[in-house]
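Chains as they are written, first to last, in our numbering: chain B, 1 to 115; chain G, 116 to 229.
The beta carbon of each residue, even a glycine, is placed where N, CA and C say it ideally should be.
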């Protein structure tokens, strides 16, 4: 069983289109995240949700909108795609701090190419 | 503010040689510390983590890291590099009592030369 699964793994789309990436975790975690990894491998946090509520919302264009229907799912919708949106998007999850050193678990990534 | 510094964006070692990947953090309170590995076209996998127990932490695939509070460091080592170790390595910190915020370094790409 994949702990954090995201779909699709590869996505090629034209500029101006709207697309979504779905993410589900079966770990029972209450915090989920979206990260963006650029061509230089830099990982940048985009959003964090805790129990369906937005916790972190870094400086991300309004075209990016996360949706969390329940605490096991965090989907990412992107409107009016631009060339600069081409990147790898990682979904991740972790358990709210209670004990120590909670680990963040990553999905396999979604490779988005905008042409 | 928290920060994580990984010295050396690219490290090359010969097969069988020692691997040393550096990570320094800035925090007034010792955070929780992690090393993740990313193989090509894959997600990040946890290698090891420090959670205020033993300062020398052993992880998977023969890797280990030592937490040194005086140096605010958490360097990753492996005595003998294998070709399969070629990957991107990320150091991450999670400050205690700040919810679930993780801070990642910029990554170090490890190349193993046969």
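Item to check | Presumed contact (8 Å Cβ cut-off) between residue 206 of chain G and residue 153 of chain G, rounded CB distance | outcome: Not really, about 12 Å apart at Cβ, beyond 8 Å.
Checklist entry - For residue 108 of chain B, which residues in chain G fall below 9 Å Cβ to Cβ? => result The answer, in chain order, is 156, 157, 158.
Next on the checklist: I need the DSSP call for residue 232 of chain G, collapsed to helix, strand or coil.
Outcome noted: Because chain G spans 116 through 229 in this model, residue 232 of chain G falls outside it and cannot be assessed.
Checklist entry - So is residue 161 of chain G in contact with chain B if we call contact Cβ pairs under 8 Å? => result yes
Checklist entry - What residues from the region 20-40 of chain B come within 7 Å of chain G, judged by C-beta to C-beta, listed N to C? => result Sequence-ordered contacts of the region 20-40 of chain B with chain G read 31 [C-beta pairs closer than 7 Å].
Checklist entry - Among the residues of its own chain, which have a CB less than 7 Å from the CB of residue 63 of chain B, if the five just before and after it don't count? => result 78, 79, 80
Next on the checklist: Using only the alpha-carbon positions, how far apart do residue 93 of chain B and residue 52 of chain B sit?
Outcome noted: 12 Å
Next on the checklist: Using a Cβ-Cβ distance cut-off of 8 Å, determine whether residue 221 of chain G contacts chain B.
Outcome noted: yes
Next on the checklist: Once DSSP output is grouped into helix, strand and coil, what is the label at residue 184 of chain G?
Outcome noted: Looking at residue 184 of chain G - three-state DSSP - the assignment turns out to be helix.
Next on the checklist: Are the CB atoms of residue 170 of chain G and residue 141 of chain G within a distance shorter than 8 Å?
Outcome noted: For residue 141 of chain G and residue 170 of chain G, no; Cβs fall outside 8 Å.
Item to check | Endpoints, beta strand (DSSP E) assigned at residue 66 of chain B | outcome: Note, residue 66 of chain B: beta strand (DSSP E), 64-70.
Checklist entry - Span of the beta strand (DSSP E) holding residue 73 of chain B? => result 73-78
Next on the checklist: Assuming the contact rule is C-beta atoms closer than 8 Å, residue 56 of chain B and residue 42 of chain B should be a hit. Round their C-beta distance to whole Å, please.
Outcome noted: Contact flag wrong, Cβ pair sits at about 17 Å.
Next on the checklist: Which residues in chain G have a C-beta closer than 9 Å to the C-beta of residue 7 of chain B? List them in chain order.
Outcome noted: None at all; the shortest Cβ gap to chain G is about 13 Å.
Checklist entry - Among B/102, B/111, B/49, which has the Cα closest to the Cα of residue 72 of chain B? => result Measuring C-alpha to C-alpha distances from residue 72 of chain B to each of B/102, B/111, B/49 identifies B/49 as the nearest.
Checklist entry - How is the beta strand (DSSP E) around residue 217 of chain G delimited, first residue to last? => result Where residue 217 of chain G is concerned, there is no enclosing beta strand (DSSP E), given that its DSSP letter is neither H nor E.
Checklist entry - Quick one: Cα of residue 229 of chain G to Cα of residue 132 of chain G, how far? => result 10 Å
Checklist entry - Using a C-beta cutoff of 8 Å, does residue 164 of chain G count as contacting chain B? => result yes
Item to check | Own chain residues within Cβ distance below 6 Å of residue 222 of chain G, not counting five before or after | outcome: 203, 205
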